[in-house]
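Okay, structure first, notes after.
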Amino acid sequence: MIVPIYATSTFAQDGVGGLREGGYEYSRTANPTRTALEEALASLEGGRHALAFASGMAAADTALRAVTRPGDHIILGGDAYGGTFRLLDKVLTLWGVEYTSVDLADIEATRNAVRPNTKVIWTETPTNPLLGIADIAALAQVAAGAGARLVVDNTFATPYLQSPLGLGADVVLHSTTKYLGGHSDVVGGALITSDDTLHEQFAFLRNAVGAVPGPFDAFLTLRGAKTLALRMERHSDNAERVVEALLGHRRVTKVYYPGLADHPGHEIAAKQMRRFGGMVSFEVAGGEEAALAVAARTKLFILGESLGGVESLIEHPGKMTHASTAGSPLQVPDDLLRLSVGIEEATDLVQDLLTALG
Ligand SMILES: *Cc1c(COP(=O)(O)O)cnc(C)c1O
105 MIVPIYATST FAQDGVGGLR EGGYEYSRTA NPTRTALEEA LASLEGGRHA
155 LAFASGMAAA DTALRAVTRP GDHIILGGDA YGGTFRLLDK VLTLWGVEYT
205 SVDLADIEAT RNAVRPNTKV IWTETPTNPL LGIADIAALA QVAAGAGARL
255 VVDNTFATPY LQSPLGLGAD VVLHSTTKYL GGHSDVVGGA LITSDDTLHE
305 QFAFLRNAVG AVPGPFDAFL TLRGAKTLAL RMERHSDNAE RVVEALLGHR
355 RVTKVYYPGL ADHPGHEIAA KQMRRFGGMV SFEVAGGEEA ALAVAARTKL
405 FILGESLGGV ESLIEHPGKM THASTAGSPL QVPDDLLRLS VGIEEATDLV
455 QDLLTALG
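Below, the structure written as C-alpha cells:
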C-alpha cells in the first residue's frame, strides 16, 4: 500500500554499466521514495514531469539558473515571497542577472517591462502576503510573445485550487513545506513542467548542485499530500468565517482575501481558482505597534513564520517573513498581519481573533 522509506544512499548494480533495482544508482540522482513523490506531484499538477527539492528556495534557484545566463533579465511580481526576492536581489544579481519588479496584475505594465533579454516572468498568485491576483492565462501570452518562460509559484493555491500548467504556464513551483506537506513537519520544494527540455535542464542542475530531499522528507510530503483535498476545503471554509468576522470589526481597517467581491482580482481569481484558500491578511488601526500587540495576544493562532499547516499561524510580515524587503519597492505595510488559517473549529478561531483585537 505504502511506498517505503528507501534509506539508502547507493544501490547494488548488476555489473559495470548494468543497473538493477529499477535503474537506481545513487540517491542524489534518484531514490524510489522521492520518485513516488514526484509522480504524485506531476499528476496533481497535470504535468509530465516533477522534481522534488530540499526546499522551495532550492527549487527556485534551480528554475532560475537553468534558464538564465549572465546578462539575462527576469520580471518578478511586485509582492513576491521575501525569499524569492532575496534570491534574485542578493544572489542572482551577483551572477549578472538583472530583474524588474512589476505589478503583474497589470498586464500592460508587464508587457512594457519585457526586454529583448527577458527570459523569465515569475509570478505568485495569490501573492504573499498581500493576496494579489495575477491572470495566469494572460501572463502566459505575454511570456510566449516575449520568448520567455512563465513560472508560477503555486504554493498558496496548491494544485487542488489552481492548475497553472493548464492555463499556459511553463513551470509550476511549490514550497511543499506549506500546504502540500501540510503538517509543518518537513521542508521541501518542487518543480513541475510538461516541457521535456526544461525538465532535463532542471534534473541536470539538481543532480549537479545536489539540493535533494532525503527519503524520509519525501515520505512525509507524500503522506501529507494524500489529505490535500480535505484540508484545502476546510482551510477555505475557515478562512471565509475569519474574513467575515474581521470585516465586521472596528479595529480592522482593511482585509485582503481574493474571495471578497470587492478584491481587485476577485473576478480573475473566481475564473482560475476553485476556491480562495486559507491565507488572509489584514491591517489593524493604530499602525505597527497595534498590529504587533494583536499578534502577541492570539492563543490559537500561534505566532510563527511559514503557513499551510493544520494549525493556525499569525505573523507580522514587515518584521518577520518580509523583513528583507524593507526599503525596497516590495516593502509591505507596517500595520499588516498575515494569517494562515488552519483546520481547527472555526468558532474557536474567530473567538481567538476577536479577543486579541479587543
Ligand atoms: C515558503 C515559500 C517559498 C520558499 O519555500 P521554502 O520551502 O521555505 O524554501 C517560496 N514561495 C512561497 C510562496 C512560499 O510561501
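Count the sequence shown with my numbering and you get residues 105 to 462, in order. Even glycine gets a Cβ: it sits at the ideal position worked out from N, Cα and C.
Straight-line Cα distance separating residue 383 from residue 234: Position 130 of the sequence shown, counting from 1, holds the residue named residue 234. Position 279 of the sequence shown, counting from 1, holds the residue named residue 383. If I take the Cα positions, the gap works out to 10 Å.
When 285, 303, 213 and 362 are compared against residue 378, the one with the closest alpha-carbon: Locating residue 378 in the sequence shown gives position 274, where the first residue counts as 1. The shortest C-alpha separation from residue 378 is found at 362.
Residue 416 versus residue 428: straight-line alpha-carbon distance, rounded: In the sequence shown, counting from the first residue as 1, residue 416 sits at position 312. In the sequence shown, counting from the first residue as 1, residue 428 sits at position 324. Roughly 24 Å between the two C-alpha positions.
Start and end residues, beta strand (DSSP E) containing residue 227: Along the sequence shown, read from residue 1 onward, the residue named residue 227 stands at position 123. Looking at the DSSP string, the run of the beta strand (DSSP E) that includes residue 227 is 222-228.
Spatial neighbours of residue 246 in its chain, beta-carbon cut-off 6 Å, leaving aside the 5 residues before and after: Taking the first residue of the sequence shown as 1, we reach residue 246 at position 142. Cβ neighbours of residue 246 beyond the five flanking positions: 214 and 215.
The stretch 277-285 contacting the stretch 383-397, beta-carbon criterion three pairs below 8 Å: no
C-alpha distance - residue 176 paired with residue 327, whole-angstrom precision: Position 72 of the sequence shown holds residue 176. Position 223 of the sequence shown holds residue 327. Approximately 39 Å, taken between the alpha carbons.
Extent of the continuous alpha helix (DSSP H) run through residue 326: Here residue 326 corresponds to residue number 222 of the sequence shown, with the count starting at 1. Looking at the DSSP string, the run of the alpha helix (DSSP H) that includes residue 326 is 319-329.
Local Cβ density within 10 Å of residue 459, reported as buried at 16 or more and exposed below that: Translated into the one-based positions of the sequence shown, residue 459 becomes position 355. Under this definition residue 459 is an exposed residue.
Neighbour-count burial assignment, residue 110, 16 or more Cβ in a 10 Å radius: Along the sequence shown, one-based indexing puts residue 110 at 6. Result: buried.
For residue 294 and residue 163, the rounded distance between their alpha carbons: Against the sequence shown, residue 163 aligns to sequence position 59. Against the sequence shown, residue 294 aligns to sequence position 190. Looking at the two C-alpha atoms, the distance is approximately 6 Å.
Supposed close pair residue 462, residue 345 - CB separation, criterion 8 Å: The residue given as residue 462 occupies position 358 in the sequence shown. The residue given as residue 345 occupies position 241 in the sequence shown. No, residue 462 and residue 345 are not in contact; Cβ-Cβ is about 20 Å, not under 8 Å.
Collapsed DSSP secondary structure at residue 283 in the structure displayed: One-based indexing of the sequence shown puts residue 283 at position 179. Coil.
Bounding residues of the beta strand (DSSP E) (the contiguous stretch that carries residue 237): By one-based count along the sequence shown, residue 237 stands at place 133. Taken as a continuous stretch (DSSP letters only), residue 237 belongs to no beta strand (DSSP E), as it is neither H nor E.
Heavy atom of ligand 1 within 6 Å of residue 267 beta-carbon: Reading the sequence shown from its first residue, position 163 is the one you call residue 267. Flag unset: Cβ of residue 267 not near ligand 1.
Nearest-angstrom Cα separation, counted from residue 306 out to residue 173: Within the sequence shown, the letter at position 69 stands for residue 173. Within the sequence shown, the letter at position 202 stands for residue 306. Rounded to the nearest angstrom, the two C-alpha atoms are 14 Å apart.
Contact under 7 Å by Cβ, residue 274 with residue 243: Position 170 of the sequence shown holds residue 274. Position 139 of the sequence shown holds residue 243. No.
At least three beta-carbon pairs within less than 8 Å, the stretch 368-378 to the stretch 257-266: yes
Cα-Cα separation between residue 272 and residue 266, rounded to whole angstroms: As a working note, residue 272 is residue 168 in the sequence shown. As a working note, residue 266 is residue 162 in the sequence shown. Cα to Cα, residue 272 sits roughly 12 Å from residue 266.
Residue 114 burial status per 10 Å Cβ neighbour count (16 or more: buried): In the sequence shown, the residue the question calls residue 114 occupies position 10. It counts as exposed.
Same chain only: Cβ atoms within 6 Å of residue 141, ignoring 5 sequence neighbours per side: Position 37 of the sequence shown, counting from 1, holds the residue named residue 141. Excluding residues within five positions, the ones whose Cβ falls inside 6 Å are 156, 322, 325 and 326.
Sheet register partners of residue 77 (DSSP bridge): A query on residue 77 cannot be resolved here, the shown segment of the chain reaching from 105 to 462 and no further.
Beta bridge counterpart(s) of residue 428 as assigned by DSSP: Position 324 of the sequence shown holds residue 428. Answer is none; residue 428 lacks a bridge partner.
Distance CB(residue 222)-CB(residue 238) smaller than 7 Å: Residue numbering aside, residue 222 sits at position 118 when the sequence shown is read from its first letter. Residue numbering aside, residue 238 sits at position 134 when the sequence shown is read from its first letter. Not closer than 7 Å, so no.
Residue 360 (DSSP reduced to helix, strand or coil): Taking the sequence shown and counting its residues from 1, one reaches residue 360 at position 256. Of the three classes helix, strand and coil, the one that applies to residue 360 here is strand, per DSSP.
Residue 419 - partner residues in DSSP beta bridges: As a position in the sequence shown, residue 419 is number 315, starting the count at 1. The partner list for residue 419 (beta bridge, DSSP) reads 442.
Residue 154: first and last residue of the uninterrupted beta strand (DSSP E) it sits in: Locating residue 154 in the sequence shown gives position 50, counting from the first residue. Per DSSP, residue 154 belongs to the beta strand (DSSP E) from 153-157.
Cβ shell of residue 309 (< 7 Å), same chain only, five flanking positions each side left out: For the purposes of this step, residue 309 is taken as the residue at position 205 of the sequence shown. Counting only Cβ-Cβ distances below 7 Å, and skipping sequence neighbours, we find 166, 169 and 170.
Bridge-paired residues (DSSP) for residue 181: Looking up residue 181 in the sequence shown gives position 77. Paired residues: 206.
Any non-hydrogen atom of ligand 1 closer than 6 Å to residue 257 Cβ: Your numbering for residue 257 matches position 153 in the sequence shown. Yes, ligand 1 has a heavy atom inside 6 Å of this Cβ.
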